[in-house]
Each structure stands twice: as C-alpha cells, then as structure tokens.
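Enquirer:
Residue numbers (the UniProt record's numbering): 1 to 138.
1) Using the beta-carbon count (16 or more within 10 Å), is residue 73 buried or exposed?
2) Of all the options 109, 52 and 101, which has the alpha carbon lying nearest to the alpha carbon of residue 92?
3) Which class does residue 4 belong to by DSSP, given the choice of helix, strand or coil?
4) Out of curiosity, what's the CA-to-CA distance linking residue 13 and residue 3?
5) Drop a sphere of 10 angstroms on the beta-carbon of residue 116, count the other beta-carbons inside from all chains shown, and report buried for 16 or more, exposed for fewer.
6) Helix, strand or coil for residue 110 per DSSP?
7) Within a Cβ cutoff of 7 Å, which residues of the same chain sit near residue 27, ignoring the five residues on either side of it in sequence?
8) Would residue 106 and residue 96 be called neighbours here (beta carbons separated by less than 7 Å)?
9) From residue 101 to residue 88, what does the alpha carbon distance come to, in whole angstroms?
10) If we count Cβ pairs, one from each stretch, closer than 8 Å, do we get three or more for the stretch 54 to 73 versus the stretch 23 to 39?
11) Suppose contacts are defined by Cβ-Cβ distances below 7 Å. Is residue 52 in contact with residue 34 by that definition?
12) Identify, in the order they occur along the chain, each residue of the same chain with its Cβ nearer than 6 Å to the Cβ of residue 18, setting aside the five sequence neighbours on each side.
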C-alpha cells in the first residue's frame with residue numbers, strides 16, 4: 001500500500017480514484033494532480049513505482065489536505081463564533097448555517113428528536129420530580 005499525506009491508499013484501485021481517499025482531494029483535484037505528474041489515471045496503486053509515489057507526494061504538498069485542512073476549517077468556524085457572526089451563532093447552536101428552513105426538516109443537523117412532554121407517574125417518581133399541580137379555575 002502506498003502512503004501519501006498520512007493516508008494508506010487502497011492497493012487495487014486506480015490512482016485517480018484512490019487519491020480521493022485523502023481528505024481535501026476530490027475527483028477534480030485528483031485528475032489535476034495526475035495530469036501535472038504525467039501519470040496514467042488507469043494505473044493501479046500497487047503498480048506505482050517509488051518515483052511515481054514521490055511525484056504524487058510532491059504535488060500534493062502544494063495543496064492543503066488532511067490535518068492542515070481540517071485545522072483551517074475548525075479555526076474558521078471558531079473565528080466566526082468568537083466575533084459573534086450570524087453563521088457562528090448557527091454553528092454554536094447546531095442549526096443549519098446556509099439559510100435552510102428549520103420549521104420542518106433539518107433533522108440531520110439538529111440530530112434525533114427529543115421527546116418532551118407527558119410522563120407516567122411511576123417514571124416521574126423514580127426520577128424524583130414532583131407531579132404538576134392543577135391550577136384552580138382551569
């Protein structure tokens with residue numbers, strides 16, 4: 001297995017597809033990297049020579065990938081939160097950031113539904129909570 005940017009590339013995959021296993025490299029950037037290194041995109045990872053691997057490593061060093069990219073994204077979000085930007089507040093609250101509706105949907109961002117409401121008397125007693133009292137006149 002070839003190790004590039006701290007990631008083990010799958011042996012039996014084509015180089016152009018295997019490069020997408022690296023965080024920050026998608027299909028378009030993978031194709032661009034292969035063109036600049038003058039490698040065949042059909043070549044399998046296990047057929048790469050040491051020279052080919054070093055060419056790929058040198059080209060990938062010119063791009064922000066893996067830990068550097070993750071760190072940059074995290075810092076960017078943290079900066080938005082610190083300056084009190086609207087996007088930062090949305091990130092803090094775990095809500096959609098880019099203007100999507102939240103009245104319905106947005107379950108992916110907000111997580112699984114939390115049940116709020118009625119509880120059986122036995123369950124409430126186990127939890128040590130007092131039962132709600134009825135207000136006079138209601």
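We put the CB at the ideal spot given by N, CA and C, even for glycine.
Expert: Working from what's here:
1) To locate residue 73, count along the chain shown from 1; it is residue 73. Exposed is the call here.
2) Taking the chain shown and counting its residues from 1, the one referred to as residue 92 is at position 92. Considering only alpha carbons, the answer is 109.
3) What you label residue 4 is simply residue 4 of the chain shown in a count that begins at 1. Reduced to three states, the DSSP call for residue 4 is strand.
4) What you label residue 13 is simply residue 13 of the chain shown in a count that begins at 1. What you label residue 3 is simply residue 3 of the chain shown in a count that begins at 1. Between the alpha carbons of residue 13 and residue 3 lies a gap of roughly 14 Å.
5) Here residue 116 refers to the residue found at position 116 when the chain shown is read from its first residue. Residue environment analysis places residue 116 among the exposed positions, since fewer than 16 neighbouring C-beta atoms fall within 10 angstroms of its C-beta.
6) As a position in the chain shown, residue 110 is number 110, starting the count at 1. Three-state DSSP puts residue 110 in a helix.
7) Locating residue 27 in the chain shown gives position 27, counting from the first residue. Cβ neighbours of residue 27 beyond the five flanking positions: 20.
8) Locating residue 106 in the chain shown gives position 106, where the first residue counts as 1. Locating residue 96 in the chain shown gives position 96, where the first residue counts as 1. The Cβ atoms of residue 106 and residue 96 lie closer than 7 Å to each other.
9) In the chain shown, the residue the question calls residue 101 occupies position 101. In the chain shown, the residue the question calls residue 88 occupies position 88. Rounded to whole angstroms, the separation of the alpha carbons of residue 88 and residue 101 is 17 Å.
10) Counting C-beta pairs with one atom in each stretch, the stretch 54 to 73 and the stretch 23 to 39 have three or more that are closer than 8 Å, which means they touch.
11) For this step, residue 52 is matched to residue 52 along the chain shown. For this step, residue 34 is matched to residue 34 along the chain shown. No; because the gap between Cβ atoms is not below 7 Å, this pair is not in contact.
12) On the chain shown, position 18 is the one that residue 18 refers to. Answer for residue 18: 9, 10 and 45, listed in chain order.
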